[in-house]
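And the structure:
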């Protein structure tokens, strides 16, 4: 067994950013089958699933110095979902052209709903990795729409602590979304209204 097979995901990610091809191969060997299963689960087409996985790994290698990866498995899983989303989006547009009664406006709204749902699920995945108190503060603020003062009373912590937890959570969410290549304007809008 080579030393790469014993390396952690974090170690492999660092080596990947340095252009280590063996580390990249190890990542591929470690995750390609899982990602194929995930791609098939979403796309329901084995050939398409294989294409999606290949595309994800090509992008991973080509953008190895630009992407910010905190958790490799989560990054790859999200990349698969994002690729599937793009395919669904493309298919919906093609179907809309074929169906006269299916208006362009409806297609746009459908795409926006799918994209918003994808971002919401992705952000939930990021926040699940936060420390418990930080995760709770973010949940109370964004999902239950509680004020900092209300959260402070609920969790029996100072308002300044609530603000610190929110800042940390938003910073993590922003970093995760930037890793997907999403524009700063869209990230700011999403965080504001999430």
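In this note's numbering, the protein residues as written are 1 to 194.
We put the beta carbon where it would ideally sit given N, CA and C, even for glycine.
Does DSSP put residue i in a helix, a strand or coil?
i           : result
residue 105 : Residue confidence for residue 105 is low, a pLDDT of 46 falling below 50, so the modelled location carries little weight and cannot support an answer.
residue 142 : helix
residue 195 : Any question about residue 195 goes unanswered here, given that the chain covers just 1 to 194.
residue 14  : helix
residue 100 : For residue 100, the predicted structure reports a pLDDT of 49, less than 50, and the residue's modelled location is therefore unreliable. A value from the coordinates is still provided. The answer is coil: DSSP assigns residue 100 none of H, G, I, E or B.
residue 120 : helix
residue 79  : helix
residue 6   : coil
residue 67  : coil
residue 130 : coil
residue 147 : coil
The alpha helix (DSSP H) with residue i in it runs from where to where?
i          : result
residue 22 : 21-43
residue 52 : 46-62
Here's the rule I'm using: 16 or more other beta-carbon atoms within 10 Å means buried, otherwise exposed. How should residue i be labelled?
i           : result
residue 16  : buried
residue 26  : buried
residue 165 : buried
residue 37  : exposed
residue 73  : exposed
residue 47  : exposed
residue 147 : exposed
residue 103 : Any reading at residue 103 is ruled out, since the residue's pLDDT is 47, under 50, leaving its predicted position unreliable.
residue 119 : buried
residue 52  : buried
residue 126 : buried
residue 83  : buried
Does residue i come within less than 9 Å of chain C when only Cβ atoms are used?
i          : result
residue 60 : Checking the listed chains, one finds no chain C in this structure; it contains a single protein chain.
Just checking my contact of residue i with residue j at CB under 8 Å: how many whole Å lie between their CB atoms?
i           : j           : result
residue 81  : residue 42  : 7 Å
residue 196 : residue 130 : Absent from the model: residue 196. The displayed extent of the chain is 1 to 194, so no value can be given.
residue 158 : residue 138 : That belief does not hold up - the Cβ atoms of residue 158 and residue 138 are roughly 17 Å apart, past 8 Å.
Check whether the Cβ of residue i lies closer than 8 Å to any heavy atom of the ligand SAH, and answer yes or no.
i          : result
residue 33 : The model depicted lacks the ligand SAH and carries no ligand whatsoever.
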